[in-house]
Amino acid sequence: MNGISAHRPGADQAMPDDLSQDPAAVASRDDDRVPRLVWLIAAVFTAVELAVSGLYGFQQDELYFLVASRHLAFGYVDQPPLAVLLARTTDIFGTNPTAIRILPALAAGVIIVIAARLAALFGAGRTGRVLAALGMACAPVLMGACHIGNTTPYDLLAWAVVLLCVCTALLRDRPRWWLGAGAAAGIGLENEYLIATLLGALVVGMLVTSAHRRVLATPWPWLGGLIALVIWAPNLAWQFANGWPQATMASALHQQNTSTVDYIAGLPEQLIYTGILGVPLVIAGFGRLYRDRQLRFLAVAATLVVLYVLAWVPGKIYYSDGMLPAVIAAGSVSAERWLARDSRDRRLRSRHGLVAVGVVLTALVVVPQALPAVPIADVHKLPPDKSVNDGIGWPQLVADVAAQNAALTKEGHAPTAVYTGAYAEAGALLLYGGPDHLPPVVSAHNSFYTWGPGAASDATVLVVDALDQVRPYFASCRQLAVFNPPDQVQNDWNNIPIGVCTGPSASWTALWPHLRHYD
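Sequential numbering of the sequence shown, starting at 563, is according to the numbering used here.
Quick look at the structure:
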């Protein structure tokens, strides 16, 4: 018999990108260790995040969460309780921006490591695993999101852990990992409801592709789902008891993030958020996920998540970036093969240089946009929509409000309350305003509405950023000043009117339902 008779029929037709059809690849992929260089990349990323975390001030959500952490509950009108509970960790280190940002920075480091581990599961060697880590570390969305102590960094981490557990369960035939996926999903649901989109997309992806459909007939995924439901139950009970305010909040978000511009810019901005290295890795990643029979369920899931965001809340494009570790990991497998040809051909060695250029450009261009790495005096030279700018100006706003309060008091018209239009302004006044002896600070924005006006009087109200809202309910309202952040900084808090209103038409208790607003 010649050698041809021993050849497995159909082997020549096996797809090279389908690991399930390549025994050598299957054998080599069992080593899922993360290279030391990946750990170094994650450590450097975390260190940079923490190094710049205190250069500006609190972001608006952080101010809100710090106040909410003094009103602990199983839920809030705009989110579950976990991120607010974690904000209490600032009590250990002191109330400052760095303290509230320690956990988000650590979450980012874990996400980077998970991206490399996913690349290993997908068949990448050492180079591919490092590329996956670099791709995540250079993504503007990860830099910006994990610089802030709100729900987003923990949401991204929960998505990454769920994806890692599901992929390990399916690709390594380790069904008990479904229990880990359920635990991660349950904790994620106690932080942000968006992860429910991932869970639904994964189920649909498995149903419409054949490779893993049989797994849904086993108990393991459903046991994981039960674990998630049990962990989520306290917040579900709170939502039920409070009339499902999250439904109202979701409707408000939809209305505010579905302009024509949002729809037009949605997909391009999603790509921009992935970064200089991320764009080619994401494009290659989607291609690989669809080609590989074993990974196609992820391709379907990622597509559904992107389509959901583009259709429902295109103005919140980062809502789809929880899929980024998996997509970048898949793209790193293809990129590794592309770079391998470089090492065999001296004429192609510029390919390795492209990766280096991407990292350098990220450091020079992306970092100043995503992190507070520029002196405040020079921030006005950057694009005005840079969200990190929102950390500038809160002490100055409080000082301006305190000055108006002192002036009115000197005139014999001491304010009996301060009413703000946004939770951020209320949070800043409560956080920084103690030494100025301000009157009670109240707001009807999001969860501040549920906390109510307390015993505050509405006889003379100092109004911040809400004159148009409260004017119909008072006999007299006049503007006293306009606040702008220092050093010509442009952010969401420019041209804030500060005024005073007297002669209320009713008590705070009667007016409160008319002042409620969610966004």
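Every residue, glycine too, gets a C-beta built ideally from N, C-alpha and C.
Keep in mind that this is a model prediction, so the values were computed, not measured.
Whole-angstrom C-beta distance between N1053 and V535, which should lie under 8 Å: Nothing about residue 535 can be reported from this structure: the residues present for the chain run from 563 to 1081 only.
Burial state of Q641, where buried means 16 or more other Cβ atoms lie within 10 Å: buried
Which first and last residues belong to the beta strand (DSSP E) in which C1039 is found? 1036-1045
What span of residues does the alpha helix (DSSP H) with L944 cover, start to end? Where L944 is concerned, there is no enclosing alpha helix (DSSP H), given that its DSSP letter is neither H nor E.
So F859 packs on A773, CB below 8 Å; how close in whole Å? The beta-carbon separation of F859 and A773, rounded to 7 Å, stays under the 8 Å limit for a contact.
Return the first residue and the last residue of the alpha helix (DSSP H) that C729 is part of. 713-733
So the beta strand (DSSP E) L959 belongs to, where does it begin and stop? Per DSSP, L959 belongs to no beta strand (DSSP E); it is in the alpha helix (DSSP H), 956-972.
Three-state secondary structure (DSSP) at H562? Look at the range of the chain in this structure, 563 to 1081, and you will see that residue 562 is not part of it.
Would you be able to state if there are at least three C-beta pairs under 8 Å between the stretch 938-952 and the stretch 1031-1038? The stretch 1031-1038 is not in contact with the stretch 938-952.
In the DSSP assignment, find the unbroken alpha helix (DSSP H) run with N840 in it and report its ends. According to the sequence provided, residue 840 is Gly. The question's Asn does not apply to it. First-last of the alpha helix (DSSP H) with G840: 840-853.
Close-in-space but distant-in-sequence residues of the same chain around Y638 (CB under 7 Å, 5 per side omitted): A630, V646, S1009
Supposed contact pair A892 and F684 - C-beta distance, whole angstroms, cut 8 Å: 5 Å
Meets three-Cβ-pair contact criterion under 8 Å: the stretch 949-957 and the stretch 719-733: No contact exists between the stretch 949-957 and the stretch 719-733.
Continuous alpha helix (DSSP H) assignments of at least 4 residues falling wholly in the stretch 795-824: 807-818
Is DSSP giving Y835 helix, strand or coil here? helix
So, helix, strand or coil for H1079, using DSSP? strand
Alpha carbon to alpha carbon, how far is T1012 from G706? 30 Å
Between the alpha carbons of I826 and L815, how many angstroms are there, rounded? 18 Å
Below 8 Å on the Cβ atoms is my guess for G840 versus C700; work out the distance and round it to an integer in Å. 7 Å
Within the chosen definition, does the stretch 912-922 reach the stretch 727-735 through at least 3 CB pairs nearer than 8 Å? no
With DSSP as the reference, label Y618 as helix, strand or coil. coil
Local conformation of L648 per DSSP, three classes: Residue state, collapsed to three classes: helix.
Tell me whether L680 is buried or exposed, calling it buried when 16 or more other Cβ atoms sit within 10 Å of its Cβ. buried
Compare the C-alpha of A1006 against each of Q1031, A1017, P997 and name the closest. Q1031
Taking DSSP's pairing of strands, which residues face I1060 in a bridge? V1026, A1043
Would you say P783 and V777 are within 8 Å of each other, going by their C-beta atoms? yes
Under three-state DSSP, which class holds P1066? strand
Can you name, in chain order, every residue of its own chain whose Cβ lies under 6 Å from the Cβ of L644, other than the five neighbours on each side? E752, N753
Please list, in chain order, all residues of the same chain as A795 whose beta carbon is under 7 Å from its beta carbon, the five residues on each side excluded. Correct list: empty, nothing qualifies.
Mapping the DSSP letters down to three states, classify Y994 as helix, strand or coil. helix
Per-residue DSSP class, three states only, for V936: coil
Quick one: is P1015 buried, meaning 16 or more other Cβ sit within 10 Å of its Cβ, or exposed? buried
Neighbourhood of L1029 by C-beta, 6 Å cutoff - its chain only, sequence neighbours within 5 removed: Excluding sequence neighbours, L1029 sits near C1039, P1059, G1061.
DSSP state of Q641 mapped onto helix, strand, coil: DSSP places Q641 in strand when its eight states are reduced to three.
Just curious, the alpha helix (DSSP H) that T759 is in, first and last residue? 757-770 is the span of the alpha helix (DSSP H), which, as asked, contains T759.
Start-to-end residues for the beta strand (DSSP E) that takes in V692: Per DSSP, V692 belongs to no beta strand (DSSP E); it is in the alpha helix (DSSP H), 688-699.
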